[in-house]
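Reading through the structure tokens given below for one structure.
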Amino acid sequence: MATDSTWLDFEKPIIELERRMQDLKDFGSKESIEFSAELKRLEHRLAKLKEEIYSGLSSWQKVQLARHPRRPYTLDYVESICSYFVELHGDRTFRDDKAVIGGLAEIEGRPIMVIGQQKGRNTKENLYRNFGMPHPEGYRKALRLMHVAVKFNCPIVSFIDTPGAFPGVGAEERGQSEAIARNLREMATVPVPFVVAVIGEGGSGGALAMAVGDAILMMENAIYSVITPEGCAAILWRDRARAPQAAEALRLTATDLHELGVVDELVPEPLGGAHRDVTSAAATLKEALLRWLDDLSRLSTEELLSRRAAKYRAMGVFERG
Amino acid sequence: MAEETEDRGSWLAKTSESLKAKKKRELPNGLWVKCDECQEFIYQKELERTYWICRKCGYHFRISAKGYIDLLSDSGSFQEHFSEIISCDPLKFRDSKKYVDRLKQAREKTGLKESITTGRSRVGGHPVGLGAMDFAFLGGSLASAVGEKITLLIELCIDYGMPLVIVCSSGGARMQEGILSLMQMAKVSSSLAALAQKRLPYVSILTNPTTAGVSASYASLGDIIIAEPGALVGFAGPRVIEQTINQELPPGFQRSEFALEHGMVDMIVTRGELRSTLIRILDFFQKTTRLWERDAASQV
Ligand SMILES: [Zn+2]
């Protein structure tokens with residue numbers, strides 16, 4: 004598990020208090036001393052502290068939660084939500100992109116095709132996963148799996164968690180733009196239900212390349228943005244340190260996106276974030292996924308595709324002048 | 008888009024700086040322009056005759072959306088459509104400046120209402136839906152109004168059975184409309200899927216620069232993709248890549264010639280040959296059965 008340094012600054016008072024309570028409990032049971040009055044007092048303080056800290060999280064704090072090193076990643080959700088998972092590999096063209104995972108899965112006994120971006124938990128894993136930043140092969144692998152899903156009439160669930168597409172020489176040589184663009188066009192007409200869950204970081208085109216679907220769900224503390232707050236701050240404020248301001252201006256939280264009509268459902272997380280109770284976070288997401296998959300499966304292919312086309316046709320806010 | 012990060016800023020900055028610089032470099036009577044690439048002074052009248060291509064090194068000076076529309080269209084055939092669709096400020100976005108002020112300035116500076124001009128035109132007699140982006144308008148950025156105009160243009164093409172031609176020039180999605188700008192990539196690509204189902208041709212023309220969100224959506228979805236020589240064509244900005252890999256990029260990286268070599272575009276065509284090349288391509292598609300039928304039926 005991650006080390007102490009992986010807690011965010013604003014989480015630390017809570018973690019410290021929880022630790023003190025645990026110590027007290029451990030000591031009490033070891034020495035057979037009753038600390039219930041003291042524990043009750045601390046319990047009360049903890050609840051108040053959590054309320055204080057989590058009720059008014061800024062956009063920047065949500066960015067930090069979305070990137071939390073303890074946050075559940077795609078495979079954590081798959082493990083928790085799916086009773087069956089067989090991972091599939093490769094784009095059949097160049098290589099297997101480890102930043103994108105996918106495979107055959109079952110949710111409550113029903114077959115689905117899972118795709119998603121995958122981050123690593125530590126340095127070694129992150130080097131393996133390229134920090135969750137796909138190369139063109141990742142998008143092409145995802146597209147290949149979509150085609151398999153279509154062939155066998157299997158709904159698709161896509162988990163979104165990436166800082167963005169990888170900015171590298173090979174990625175450009177092998178057509179990063181083409182890979183993303185093609186996925187965007189193909190996803191518009193994939194004739195099976197397609198549900199997207201933004202679970203962590205929705206990093207721009209790299210995220211979107213696997214996120215055009217019939218329903219876009221977003222975890223409460225996830226973010227989804229046209230550009231990273233740091234990148235935006237560097238361009239518009241000429242100062243990366245203004246990222247918190249940029250985060251606010253970009254309106255990148257789940258609440259913002261829900262209000263803007265880009266996200267169909269905001270999926271609540273346990274108090275403090277999904278990493279504080281992965282099982283419960285996954286259970287809530289599972290319930291939402293099942294509900295959407297059920298609803299979408301009732302539609303005819305024509306209805307499904309015309310609804311999806313209408314959904315994207317309506318994206319954007321402009322004036323007639 | 009995240010992938011371009013500082014780089015678009017550098018382009019935007021460079022553009023305004025080089026515009027300023029260009030003015031300064033002009034000799035008092037304003038008749039000479041210095042080439043950005045080879046530093047040669049060229050008589051402006053000559054540049055106008057040669058499609059703003061440097062006679063010494065072949066450098067393609069950036070030209071406006073109107074420049075491309077005039078260059079490609081049969082004389083006087085272009086009718087603008089959808090100019091009523093304009094940007095507003097859905098996020099109430101403000102950095103050092105308010106987005107509404109940036110929009111106002113861009114409109115004053117360019118005389119344009121948006122970064123793309125769309126309409127019906129004829130090219131070598133062929134009716135087409137034509138869109139041309141203008142980098143001078145907020146870096147040719149893709150925003151809600153731009154996505155809507157392109158979508159309306161695609162729908163016009165479908166209604167009239169016309170091919171679609173888009174001249175791209177853009178640093179990517181417009182940050183000031185946040186996620187709504189990103190969604191335009193999906194919106195336009197979805198409309199292009201509808202166009203493809205009608206088997207109507209789409210020719211995408213990439214000019215300097217075509218990057219990030221535009222590159223990763225409609226610019227790369229043409230049945231035929233044409234690039235001007237030397238244009239920056241790619242997804243991530245070169246500076247971001249350099250910073251990420253901590254390595255200097257090879258010369259010519261992400262230029263049209265690199266894109267052609269790596270299989271990302273069909274051909275590189277100099278500006279002087281763009282119109283005749285486009286006509287040859289449209290002539291071919293005209294001969295396909297579906298278009299014959301459609302053309303006869305719609306009589307546009
Ligand atoms: Zn020159």
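Those sequence lines, one after another, are chains A and B.
Taking the working numbering, the leading residue of the first sequence gets 4, the next gets one more, and so forth.
Taking the working numbering, the leading residue of the second sequence gets 8, the next gets one more, and so forth.
Positions of the beta carbon are idealized from the N, C-alpha and C atoms, including for glycine.
query, result
"For Thr-218 (chain B) and Ser-177 (chain B), the rounded distance between their alpha carbons", "6 Å"
"Cutoff 7 Å: Phe-321 (chain A) Cβ touching any chain B Cβ", "yes"
"Tyr-50 (chain B) CB to nearest heavy atom of ligand 1 below 6 Å", "no"
"Proximity of Thr-158 (chain B) and Ser-198 (chain B) at Cβ, strictly below 7 Å", "yes"
"Any beta strand (DSSP E) of 3 or more consecutive residues that is wholly inside the region 114 to 152 of chain B", "123 to 130 and 133 to 140"
"Chain A contact for Met-140 (chain B) (CB, 7 Å cutoff)", "no"
"Buried/exposed call for Tyr-315 (chain A), threshold 16 Cβ in 10 Å", "buried"
"Under the three-state DSSP convention, the category Arg-73 (chain A) falls into", "coil"
"Simplified DSSP state of Asp-290 (chain B), which is helix, strand or coil", "helix"
"Interface residues of chain B facing Val-153 (chain A) [CB-CB closer than 8 Å]", "Ordered by position in chain B, no residue passes the 8 Å Cβ test against Val-153 (chain A), which lies about 14 Å from the chain."
"Any chain B beta carbon closer than 7 Å to Pro-196 (chain A)", "no"
"Cut-off 6 Å between Cβ atoms - residues of its own chain near Ala-285 (chain A), not counting five sequence neighbours on either side", "Tyr-80, Ser-83 and Ile-84"
"Length of the line joining the Cα atoms of Lys-30 (chain B) and Glu-55 (chain B)", "A caution first: Lys-30 (chain B) carries a pLDDT of 47, below 50, which makes its placement in the model too unreliable to give a value."
"Close Cβ partners of Phe-291 (chain B) (< 7 Å) along its chain, the five nearest in sequence each way excluded", "none"
"Residue span of the beta strand (DSSP E) that contains Leu-107 (chain A), given as start and end", "103 to 110"
"Element boundaries [beta strand (DSSP E), containing Arg-322 (chain A)]", "The amino acid at residue 322 (chain A) is misidentified as Arg; the sequence shows Glu. First-last of the beta strand (DSSP E) with Glu-322 (chain A): 321 to 323."
"The beta strand (DSSP E) enclosing Leu-213 (chain B), as first and last residue numbers", "209 to 218"
"Chain-ordered chain A contacts of Ala-72 (chain B) [CB-CB under 8 Å]", "Within chain A, no residue comes near Ala-72 (chain B); the closest Cβ sits about 18 Å away, beyond 8 Å."
"Where the alpha helix (DSSP H) through Thr-126 (chain A) begins and ends", "126 to 132"
"Distance cut-off 6 Å: Glu-235 (chain B) Cβ against heavy atoms of ligand 1", "no"
"Same chain, Cβ closer than 7 Å to Arg-95 (chain A), five either side skipped, listed in chain order", "Arg-147"
"Minimum Cβ-Cβ distance from Gly-135 (chain A) to chain B less than 7 Å", "no"
"Residue of B:Phe-85, B:Tyr-75 and B:Phe-68 minimising C-alpha distance to His-133 (chain B)", "B:Phe-85"
"Glu-44 (chain B) Cβ short of 6 Å to ligand 1 heavy atom set", "yes"
"Three-way DSSP call (helix, strand, coil) for Lys-29 (chain B) in this model", "The pLDDT assigned to Lys-29 (chain B) is 46, lower than 50, so where the model puts this residue is not dependable, and the model offers no usable value."
"Beta-carbon proximity list for Val-87 (chain A), same chain, < 7 Å, skipping 5 on both sides", "The displayed chain sequence assigns Tyr, not Val, to residue 87 (chain A). Cβ within range, chain order: Ala-108 and Glu-109."
"CB of Gly-59 (chain A) within 7 Å of CB of Ala-102 (chain A), strictly", "no"
"Identity of the residues DSSP links to His-67 (chain B) by a beta bridge", "B:Ile-60"
"Cross-chain neighbours of Pro-97 (chain B) in chain A, by beta carbon under 8 Å", "Leu-263 and Val-320"
"Check: Lys-63 (chain B) C-beta below 6 Å from any heavy atom of ligand 1", "yes"
"Whole-number beta carbon distance between His-261 (chain A) and Leu-269 (chain A), since they are thought to touch under 8 Å", "5 Å"
"Nearest-angstrom Cβ-Cβ length linking Pro-232 (chain A) and Ala-214 (chain A), presumed shorter than 8 Å", "Not really, about 19 Å apart at Cβ, beyond 8 Å."
"Per-residue burial, Cys-64 (chain B) [other beta carbons within 10 Å of its own, 16 or more giving buried]", "exposed"
"is_contact[Ala-225 (chain A), chain B] using C-beta, thresh 7 Å", "no"
"Residue-chain proximity (Ser-222 (chain B), chain A), Cβ-Cβ < 7 Å", "yes"
"Environment of Ala-244 (chain A) [buried if 16+ CB atoms lie within 10 Å]", "exposed"
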